[in-house]
Structure formats: structure tokens, C-alpha cells
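As you go down the protein sequences, you meet chains L and F in turn.
With the first letter of the first sequence counted as 1, position 387 gets the number 387 in this note's numbering; the numbers rise by one all the way through.
With the first letter of the second sequence counted as 1, position 344 gets the number 887 in this note's numbering; the numbers rise by one all the way through.
Take a look at the structure below.
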Amino acid sequence: MVKEEKILEMRSIRKTFPGNVIANDDVDLAIAEGEIHGLLGENGAGKSTLMKILYGLYSADSGDICLHGVPQDFTSPRDAIDAGIGMVHQHFMLIPRMSVLQNCVLGRQENPLESPRSGRITDRFERLVQNETVRDIAGLLSIDLANSKAKLNAISDDLGMDIDVEAKVSTLTVGEQQRIEILKALYWDADILVLDEPTAVLSPTETVQLFRTLERLVDNGLSIIIITHKLNELTSITDRISVLRDGKMIDTVETADISERDLAEMMVGREVSFDVVKDETTSGRRAISASSLHAKDDHGFTALSGVDIVINEAEIVGVAGVSGNGQIELAECLAGVREPQSGDIIVQDHDILKTPSDFIEAGVSYIPEDRLKYGCAPELTVMENLIIKDRQEFTNSRGVLNFDEARAHTEQMIQEYNIRVPNTEVSAENLSGGNLQKLIIAREIHREPTALIACQPTRGVDVGAIEYIQDVLLEQREQGTGILLISEELDEVIQMSDRIVVLYNGEIVHRTSADEADREKISRLMTSGTAEESDSESVGVAS
Amino acid sequence: MNPIEITPRTETPDWLAWSSPILTIVAALVAGAAFLLLLGHNPLWVYQIMFVQPFTSVSGITNIILETVPLLIISLAVYFPLKAGLWNIGGDGQFYLGAIAATWIGLSWDVPGPVLILSMMSAGMFAGAMWGLIPGYLRAKWGVNEIIVTLLMTLIGIQLNQYMIQGPLQGTGGYPASDTLSAEATLQTFGATRLHLGVVIALLLLAGMYVLIKRMTFGFQVSFVGANPDAAQQSGIDTKKVIVYTMVLGGVLAGLAGMIQLAADAGRLQAGLSPDYGFTAVAIALLGMKGPLRVFLASLFFGLLTAGAVSVASTTPVDVSIINIIQALVILFILTTSFVKANKVVINKEVL
Numbered sequence: 001m002v003k004e005e006k007i008l009e010m011r012s013i014r015k016t017f018p019g020n021v022i023a024n025d026d027v028d029l030a031i032a033e034g035e036i037h038g039l040l041g042e043n044g045a046g047k048s049t050l051m052k053i054l055y056g057l058y059s060a061d062s063g064d065i066c067l068h069g070v071p072q073d074f075t076s077p078r079d080a081i082d083a084g085i086g087m088v089h090q091h092f093m094l095i096p097r098m099s100v101l102q103n104c105v106l107g108r109q110e111n112p113l114e115s116p117r118s119g120r121i122t123d124r125f126e127r128l129v130q131n132e133t134v135r136d137i138a139g140l141l142s143i144d145l146a147n148s149k150a151k152l153n154a155i156s157d158d159l160g161m162d163i164d165v166e167a168k169v170s171t172l173t174v175g176e177q178q179r180i181e182i183l184k185a186l187y188w189d190a191d192i193l194v195l196d197e198p199t200a201v202l203s204p205t206e207t208v209q210l211f212r213t214l215e216r217l218v219d220n221g222l223s224i225i226i227i228t229h230k231l232n233e234l235t236s237i238t239d240r241i242s243v244l245r246d247g248k249m250i251d252t253v254e255t256a257d258i259s260e261r262d263l264a265e266m267m268v269g270r271e272v273s274f275d276v277v278k279d280e281t282t283s284g285r286r287a288i289s290a291s292s293l294h295a296k297d298d299h300g301f302t303a304l305s306g307v308d309i310v311i312n313e314a315e316i317v318g319v320a321g322v323s324g325n326g327q328i329e330l331a332e333c334l335a336g337v338r339e340p341q342s343g344d345i346i347v348q349d350h351d352i353l354k355t356p357s358d359f360i361e362a363g364v365s366y367i368p369e370d371r372l373k374y375g376c377a378p379e380l381t382v383m384e385n386l387i388i389k390d391r392q393e394f395t396n397s398r399g400v401l402n403f404d405e406a407r408a409h410t411e412q413m414i415q416e417y418n419i420r421v422p423n424t425e426v427s428a429e430n431l432s433g434g435n436l437q438k439l440i441i442a443r444e445i446h447r448e449p450t451a452l453i454a455c456q457p458t459r460g461v462d463v464g465a466i467e468y469i470q471d472v473l474l475e476q477r478e479q480g481t482g483i484l485l486i487s488e489e490l491d492e493v494i495q496m497s498d499r500i501v502v503l504y505n506g507e508i509v510h511r512t513s514a515d516e517a518d519r520e521k522i523s524r525l526m527t528s529g530t531a532e533e534s535d536s537e538s539v540g541v542a543s
Numbered sequence: 544m545n546p547i548e549i550t551p552r553t554e555t556p557d558w559l560a561w562s563s564p565i566l567t568i569v570a571a572l573v574a575g576a577a578f579l580l581l582l583g584h585n586p587l588w589v590y591q592i593m594f595v596q597p598f599t600s601v602s603g604i605t606n607i608i609l610e611t612v613p614l615l616i617i618s619l620a621v622y623f624p625l626k627a628g629l630w631n632i633g634g635d636g637q638f639y640l641g642a643i644a645a646t647w648i649g650l651s652w653d654v655p656g657p658v659l660i661l662s663m664m665s666a667g668m669f670a671g672a673m674w675g676l677i678p679g680y681l682r683a684k685w686g687v688n689e690i691i692v693t694l695l696m697t698l699i700g701i702q703l704n705q706y707m708i709q710g711p712l713q714g715t716g717g718y719p720a721s722d723t724l725s726a727e728a729t730l731q732t733f734g735a736t737r738l739h740l741g742v743v744i745a746l747l748l749l750a751g752m753y754v755l756i757k758r759m760t761f762g763f764q765v766s767f768v769g770a771n772p773d774a775a776q777q778s779g780i781d782t783k784k785v786i787v788y789t790m791v792l793g794g795v796l797a798g799l800a801g802m803i804q805l806a807a808d809a810g811r812l813q814a815g816l817s818p819d820y821g822f823t824a825v826a827i828a829l830l831g832m833k834g835p836l837r838v839f840l841a842s843l844f845f846g847l848l849t850a851g852a853v854s855v856a857s858t859t860p861v862d863v864s865i866i867n868i869i870q871a872l873v874i875l876f877i878l879t880t881s882f883v884k885a886n887k888v889v890i891n892k893e894v895l
């Protein structure tokens, strides 16, 4: 399948940022025509920077980009798109209230002057129509999308996607939206498709569908670059893998010749343990429990309809489910930051819990899913973010904050939790995802909570940090904390938990102990709500 | 290559962070010079009268200080809510309410001097607090935009003042103004100078604000709410309380400024007691976002601008509205500097 012709070559790419941060240190990358190439590296290794340079978002300090052997000089994404590079960003660039068609043609309408309907064209008119300026103006003025629609339909048919191009994007699922992004890139005539963490938002079934689509694309001659830090996915789909570490290209290897363990070592620079070692604990009395919990989401739709859950001391209860089935609302209710419509939440002896501070005082800690939005104040310092929940401890009777004590405490936390920061006064927004997550975990855990609500604690952090965070959670479990672990990584849920519940459409549809967990069954329950074999094979998009 | 390349900065260089307020002002003055040239004046001459002349006499320096006092206090009234992410652009309304309440006490109560002054201050602060409480409560309870509420309540405050000086508080003589306050109800000056107690109060308030923001846990909570209200709430901070408290304190400060201007400067309630202090204060608070000392320096600069405007008006034929243009330019350039601070701009000379 892989031809030896190099479609893309990036040579000695160098990019530094102010403060002498070398994001790309003379990086070489070559992509062969028709291959799926994995770009692997921890957060901050320089993958995104390299791809942003390719896409014309950044300009490199030095180095060349060659497409089909021809040197390129991209100063904007427009140039890169024109040269045939398509990018599917991690956060989709779609306008929700527009249709699939409108989203795809935005900026790239097929010329209406070539419409098959205009049959009686005189020679002079023909010349006029060929005029560049006239075509541009016609493109700007026209809203005739017939040609565009025909092209889009042709592409989606070719891929076997059953897509209603008139459907509004807001009505599509995340997986469907991602396919629209791919479709958009193809509609824009991409030869090389770059996907940034494409599976981060997908359910296992959707991931399989995506990979099937990608394989079909390379069969049609497209070349694909996938950025990820999920090793298992890379080894299953790619032909070759390039590993970046600290801005340097470590190596490019044939996928067939390498194990996941070796890849992880290349990526992190040391040996990584994949095995979660769970010690036996005896779970004690209940730490936190909720009964017949009903709640609405931010848009006022029902998110939880009657959830009963008990988390005992010294155990981890894992919540499996596809994002958007009520996990966030469940976490928020249990952490006291969302008011349930009805139902009772009891934290050990405390049963009258209203405000977030009631929950905090009762011993509930919370690791929110969105670190930057809910976990910290990004523009404030590491110290301010670390002490925010303990502010009263550092306050004297006159309401004055003791900054010396706060700083000493911060330094101790940085040491203890191995948070890599230059000093205590640096803004939290400058921390990498993994380090910021460690900061939040340090803040939540050092209070020795009765219950810990952990929402996607390892999402978007690198392998080394995942290992560390999982260890910290398990250690906390041994200390007697009752932990609710919400994760979209089914493997993580199964490995870490003592008991597992499956959340589907705001209800718990399945409960099992981790020992008896059946991965296939849970996977089906996550996507369909029943354990019956379902028709999850179709690759259909909105009908 | 693009002729002008813009890349986001990961960190702001120290020199830029330190010098940006000064560069802002310099840039505004350079742009202002263009307007002066258009009007046929020599910018250096005008700037000399505006910025140098006030420093050459005791009277000039006194003018700067006296112009700074109300600006500083109202700027703190804008600054504090701004730290919590709230725009109190209604400083003027709170100012007038403070002045009205103080006038009423000052004219009608018959008590010894110090008691009368303290009563007037309390009344002014209370009335200002009420004018800050309403937008604060509406914002906390129902999420009503405080910018609109404070703005509209300023208009109400100004009209209330108009009503008072032509109605209940109108003095003898038929002018649209109250009676002049007695000497007992006036803030004392120090010795032979025109400097009054308000100068000391303004400095004490500045010191108090510094301690509150930089040292107190409450100030820390306010900053956290301003930086990320969602995270603050999840950290157990009662954000609604913070919103109400900061707006009320803003009202208290602006109301006190109204009392001080009334009792030290005007001597009676009249129209135009505030030459849009509340709006100038928004610009000052923006310039001084980094801390109360910056607010002080920015107030001093705008005090100088106002005092300079007076000396320009009294000694030259230049229209005073040029000062308004320069003030507006300063605000425009603040926006530019925040962009330059966040982004690195490189101009490629070879391409141009």
C-alpha cells in the first residue's frame, strides 16, 4: 500500500518561542504517499507546533517544507489549504447553526458560472466567465450551492458515508461532526490530511468507524498524519510512526517492527509501567451516596433521571459511558456545584449540603473535567491556584492572608506532587496539561478528602503523567478515600475500579464488580444502553 | 514572508510589562500632537504649558493634587469591582447620590462641626452604597448586566441632582443650586494652603485598598472571582456575596468622593459637580489594573491632564476639548498595548 514516493518532506524545522523555548529542534519528517503516519509525543513535545508550521499557522525560524519535491512557503492556512493540506483540529471548526453543506463550502464554493444549467453561452460570455476577476466576484455574490452540493455528495458517496448535507451541524453527534471535518478537507481537495487527537472525543464504536474511514481514504491515495498519545490506536492503524520528545525527532519507525512498550519508552525517555497494581483494601462505611438523583444540564434538558449510587471508603467506583450521557452532571451534583432537581446526597454524617463550600467542608474533593474552565484561574499564579480552597487556613483572625506560609505550603506541594514549574509565581496558564492536572490533584488530595469526584483525571495528559495520576488515585484509595472515577477510557475504568457502573442516557444501566466486568458487554451498553447485539456496524451520519 | 508577522507571546518580557503604561501615554501624546498641528498649534508649546507649567508653581502643584483627589477615590470605586470582573461605570451616579445626601445633612443638621462632617460622610457613603447595591444585587441574583444598570442609574443620579437643586434642596436666590454650606460643614484646609482633609482621606483609602487587595483573604477571593468565576464558585467562594460586596464598596467610595467634592470644593450642591469623573475613572482603573499603586499613578496623570487643561485654557487660545481627545487616545492606546503585550509583532523590512 505504501509507495516509496515522498509526498511531504519537512527538513530541519526549527521553531523557538520567546523565553528560549525550543519547540522544534531541527525536526525532519517525511510522509510517503498513501500512508498513515503517526506523530507521537507527550504534551509539549512539539507535535502541535510542527503541524501548525505545516498548516501555515506558525512560520518556522528555519527549515524547508517540500510537497511533491517542490519547496513551499506557507504564510497562512489559506496557502496550506491551496497546496492540498487538510487539518482536522481537536476542537472542531464548524458553525453549529449552519448546515453541513454551508460549513463545507464556507470560503470554497464551487463556481456557480460553471453550472450545467447555463446552456446558451456565447463566445464572448464564455471569455467573460473565464475572467479571473469576474469569477471571483460571481463567487462572492452567488449563493447557488448546486455545484458544491453535487461535489460534496460525490465525495461522501465515494467514502460510503450516508450524509444529509442539508442537516444542521448542531444536530449531529461528535463522531458525525468529525466526519464532516474530514469531508470538508476532502471537499477542499486535500492530498494530506492531518488529524489532531482525533479519537479524544469519540466512543469506542465511533473510533472503529473513524479508522475504517481513514483506511478507505488511504486506499484512494490520500496520505494521513495522526497526532496522538494513545499508543494502542497508533499501532493498530498506522504504517509508520515518528516520535518527538522535547522538540527533537527521536526516530521514525515501521509500526510492524515495534511494540507499544518500546514506543512509550521512546516517547517518555524512560521505562513506563502499563500495569495498574491494585492492592487489596477493605472498603469501609459509605463515603458519599446519592439516591434517586434527577438533574438537568446547562441547556435545561434532563441529564440524570433517577441515579442511585453509593461510594464506600477505600474503593474506586468507575463510571463508564460515552460523553454526554450525564457523567458531568453526576460529578457536578456529587461535588456540590450543580443543584439537582431532586434526590438526596449524603456525605457520611453530613446530609444538609447546599453550597459548594458545604460539600468542601464535608470532605468532598473534586477534579473537574475542564481544567482551565473549572479547575483553576489560568491567569492567576500557581500559588494562588493551589491555596484557593485552603485560604482560610492561611488567614489570621483579622482576615489577613499569610503569604509566607502560603508560599511554603505551595513549595511543599510542588515537591510532593512533582509539579514541574519554574516558581510559585508563574501563571497557571503556562503549565502543561499534565502539570496543571497535578496541581489540581495536589490541591484536592492533600486535604485528605472523604470522597473524591474525579472527572476524566487523565484526559489529555501524557503517558508519564497518566501513570503518576493513577498511582496517586490508588494511593488515596488505600488511605481510605472513596473515589468516583469518571473516564471515557474504558480500559482505565476497568483497571482502576473496584466496582463499575455504566451510565447511559442519564441512567445507570449496568452495575458490576471490576473482576466480573465484561469489556464487550460494557462497550455495547455504553453506546446502546442494552447488552443486546445492536446494529452498530452502519457508518451512517444524520439521515 | 508576511511584511508584518504576528505571533502570540508565551510570556511578556519584563521591560515591556514595566514600561507599557508609560509607552501608552507617550504614544497618545504623539498622536495628540497630530491634532494640535492640524489646529495650527505647536505641540511642544502646548504640552509645555500642559505638563510642565503646573509643576512650576505651588498653586499649580496644588491644582494637580486637588484634581487627583476625586479621580483617585472614584477610580478605586471602579477598580475594586473590576478586580471581581464587574464594570462599575456608574461612579458618577454614586457620586451625585453621595453629594445629595451630604448636602441634605450639612444644611439641615445643627450639631458641632466634627460630628456634622462625620455625619455627612456617613450619609454620602450610605447613599452611594445604595446606588451600588442595586446593580450588585441584580447582577448576583438574576445575572443582570451591571454595565447597563450602573450606566442607567448614573443618568437617574444626575437627574435626581437636577431635581434636588431645583426642588427640595434649592437655595435662596432662585439659582439652580443649594444654599452654601456653613463653615462647620466644610472640610478644613491645612494652614494657608488649599489642601484639605480629602487629600488625607484619599491616601488612606488608597492604602486601605492596597491592603485589601494584596494582603487580605477577601481581596484574594475577589481576584479569583475576577479571574474565573466558575472556578471560584467551585472552590467554595460565595461569588454572589463577592459581587454584592464589591459593588457596594464601589458605591461607598464614589459616594464619599461626592461628599468630599461637595464639602471641600463646590461648597454647595449644583449641576456639573462631577465633570464625568465616573467615566474618566474607568480609563484610570484600566490603566491601573495591575494594582492600587498603578491606580494612584494613573489618577495622578489624569489629575495632571485636568490641571494642565485649566492652564492651557487660561493662557492659550487652544480649545480645551483637545484634552478630551488626548484622554480618549490614552484609552485607545491601552487596548493597543494589551495586544502588543500578548503578541509579538515583527516587521520584516526586506519585504516592505
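Glycine included, every Cβ here is placed at the ideal spot set by N, Cα and C.
Which of the three DSSP states, helix, strand or coil, is assigned to residue i?
i: K887 (chain F); result: strand
i: F17 (chain L); result: strand
i: A30 (chain L); result: strand
i: M93 (chain L); result: coil
i: V70 (chain L); result: strand
i: H409 (chain L); result: helix
i: K230 (chain L); result: coil
i: D557 (chain F); result: helix
i: A83 (chain L); result: coil
i: G119 (chain L); result: Confidence at G119 (chain L) is low in this model, with a pLDDT of 48, below 50, so its placement is unreliable and the value that follows should be read with caution. Coil at G119 (chain L), not helix or strand.
i: V201 (chain L); result: coil
In terms of alpha-carbon separation, which member of the options lies closest to residue i?
i: G656 (chain F); options: F:I874, F:L724 and F:S864; result: F:L724
i: P356 (chain L); options: L:E181, L:E332, L:E448 and L:S487; result: L:E332
i: S651 (chain F); options: F:L829, F:A728, F:G810 and F:P613; result: F:A728
i: A750 (chain F); options: F:P597, F:R837 and F:S864; result: F:R837
i: R511 (chain L); options: L:F17, L:R285, L:V319 and L:K248; result: L:V319
i: V765 (chain F); options: L:S242, L:H89 and L:L380; result: L:L380
i: V88 (chain L); options: L:A454, L:I224 and L:V426; result: L:I224
i: I313 (chain L); options: L:G460, L:E384, L:L474 and L:I466; result: Looking at the sequence itself, residue 313 (chain L) is Glu, so the reference to Ile does not match. Of the listed residues, the one whose Cα sits closest to E313 (chain L) is L:L474.
i: G375 (chain L); options: L:T410, L:V337 and L:D358; result: L:V337
i: T213 (chain L); options: L:T235, L:N232 and L:I180; result: L:I180
i: K15 (chain L); options: L:K52, L:V165 and L:I250; result: L:K52
Give me the chain L residues within the contact set of residue i, using Cβ-Cβ distance strictly less than 7 Å, ordered along the chain.
i: G779 (chain F); result: P356, S357, I360 and K389
i: F876 (chain F); result: Simply none; closest approach about 22 Å.
Bridge partners of residue i, per DSSP?
i: V502 (chain L); result: L:A320 and L:H510
i: P678 (chain F); result: None, per the DSSP bridge assignment.
i: D251 (chain L); result: L:V243
i: K521 (chain L); result: None; K521 (chain L) has no bridge partner.
i: N24 (chain L); result: L:K15
In chain F, which residues lie less than 7 Å from residue i when you measure between Cβ atoms?
i: G375 (chain L); result: A774
i: Y366 (chain L); result: Q777
For residue i, which residues in chain F fall below 8 Å Cβ to Cβ?
i: P378 (chain L); result: A770 and N771
i: V337 (chain L); result: Q776 and Q777
i: T552 (chain L); result: Look at the range of chain L in this structure, 1 to 543, and you will see that residue 552 (chain L) is not part of it.
Residues of chain F with CB under 9 Å from residue i, in chain order?
i: L106 (chain L); result: Correct list: empty, because the minimum Cβ distance to chain F is about 23 Å.
i: V400 (chain L); result: V754, R758, M759 and T760
Which residues in chain L sit within 9 Å of residue i, going by Cβ to Cβ distance?
i: S766 (chain F); result: A377, L380 and E384
- Fully enclosed by the segment 813–888 of chain F, which alpha helix (DSSP H) runs are 4 residues long or longer? 820–830, 835–858 and 864–885
- Task: Taking only runs that begin and end inside the segment 295–383 of chain L, name each unbroken alpha helix (DSSP H) of 4 or more residues, in chain order.
- Result: 327–335 and 356–361
- Which runs of the alpha helix (DSSP H) spanning at least 4 residues fall entirely within the segment 741–773 of chain F, listed in chain order? 760–770
- Ordered list of alpha helix (DSSP H) runs contained in the segment 141–177 of chain L, each at least 4 residues: 146–158
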